[in-house]
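So the structure is just underneath, and the comments pick up after that.
In our numbering, the protein residues as written are 56 to 362.
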């Protein structure tokens, strides 16, 4: 009976009236029941007010009505006008940004393998775009910003009195009423003038070209040349090369034909002089590789050079 568990067990049994006479006497002597009896006597005096069911139901209905039908808030006239003004401001702002986006949007034209396109610029000038090339310009602001951005090769036919600038990654060309060709493909930068005059800028070096003159970039310097043609050969479906390395010619062939050429490293810097067609792959390969005594095989659209 000395541990708490035993005392608690006796009290529990006393509440259930399950103690024998000796256990009752022992629990009374221990004094454990004194505080418990005081609490039990006090509980007998507690009174709980009878719950009014009808009154409670009526109170619940009133609360529900308040939740479902809140008191309307009177609209302030000043607040209403501020809301309208804010809506108009949002519409005006959104309209401005939409107009500004459309007005400044750049137009971009791309070509695929073996594809060429002719583009009419505002004012009547034309661009003939070579295969795998891209031009972009701002059509909406052409009168303010006469700039054409070129990647690849293109022929420009500019009407008299119309001027603009051709921008490439490595150089720019300013023109006024002229015909010229720009090749800015991979490591190549070449400009040929066919009519009028062009001003070429490359690495802060400037060069003015007239009809029959051309320049090309070699070792980061401009090299001057001459030509007698009236338009670029590629427009008529062929390319003419004069001591051009094989690696550059292979890039052209892949541009004009749906093919992939595996060029061994030992052939990359071999030079070729001649004319290659863009209209028949077998003829092009025969002209290029047979003249250089290089054997090759064709597997689907892949050209494999035999080492």
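For each residue, glycine too, the CB sits at the ideal point set by N, CA and C. None of the values given here were measured: they were computed from a predicted structure.
By the DSSP assignment, the alpha helix (DSSP H) with residue i in it spans what residues?
i, result
"residue 336", "336-340"
Could you tell me which residues DSSP pairs with residue i in its beta bridges?
i, result
"residue 219", "230"
"residue 246", "237 and 270"
"residue 253", "230 and 264"
"residue 165", "189"
"residue 367", "This structure does not reach residue 367, given that the chain is present from 56 up to 362, and the question cannot be answered."
"residue 294", "331"
Just how far apart, CA to CA, sit residue i and residue j?
i, j, result
"residue 150", "residue 160", "At residue 150 the pLDDT is 48, less than 50, meaning the model places this residue with poor confidence; the figure from the coordinates comes in the next sentence. One C-alpha to the other measures close to 15 Å."
"residue 339", "residue 195", "42 Å"
"residue 261", "residue 355", "46 Å"
"residue 277", "residue 334", "32 Å"
"residue 225", "residue 185", "18 Å"
"residue 229", "residue 350", "45 Å"
"residue 286", "residue 294", "12 Å"
"residue 337", "residue 164", "30 Å"
"residue 343", "residue 167", "23 Å"
"residue 315", "residue 199", "43 Å"
"residue 201", "residue 296", "33 Å"
"residue 177", "residue 193", "10 Å"
"residue 231", "residue 218", "4 Å"
"residue 235", "residue 331", "22 Å"
"residue 267", "residue 247", "7 Å"
"residue 237", "residue 162", "20 Å"
"residue 282", "residue 318", "30 Å"
"residue 181", "residue 173", "7 Å"
"residue 275", "residue 323", "20 Å"
Report buried or exposed for residue i, applying the criterion of at least 16 other Cβ atoms within 10 angstroms of its Cβ.
i, result
"residue 305", "buried"
"residue 273", "exposed"
"residue 215", "exposed"
"residue 310", "buried"
"residue 292", "exposed"
"residue 207", "buried"
"residue 83", "exposed"
"residue 175", "exposed"
"residue 60", "Note that residue 60 has pLDDT 43, beneath the 50 cutoff, so the model's placement of it is unreliable and no number is given."
"residue 270", "buried"
"residue 171", "buried"
"residue 346", "exposed"
Could you tell me the boundaries of the beta strand (DSSP E) in which residue i lies?
i, result
"residue 308", "Where residue 308 is concerned, there is no enclosing beta strand (DSSP E), although the alpha helix (DSSP H) it sits in stretches over 301-311."
"residue 202", "202-212"
"residue 317", "315-317"
"residue 190", "189-192"
"residue 181", "181-184"
"residue 172", "172-175"
"residue 280", "276-281"
"residue 329", "326-332"
So residue i packs on residue j, CB below 8 Å; how close in whole Å?
i, j, result
"residue 253", "residue 223", "13 Å between Cβ atoms; not a contact."
"residue 264", "residue 239", "Going by Cβ atoms, the distance from residue 264 to residue 239 rounds to 15 Å, so no, they are not a contact pair."
Is any heavy atom in the ligand ZN found nearer than 8 Å to the beta carbon of residue i?
i, result
"residue 217", "The model on display carries no ligand, and the ligand ZN is accordingly not part of it."
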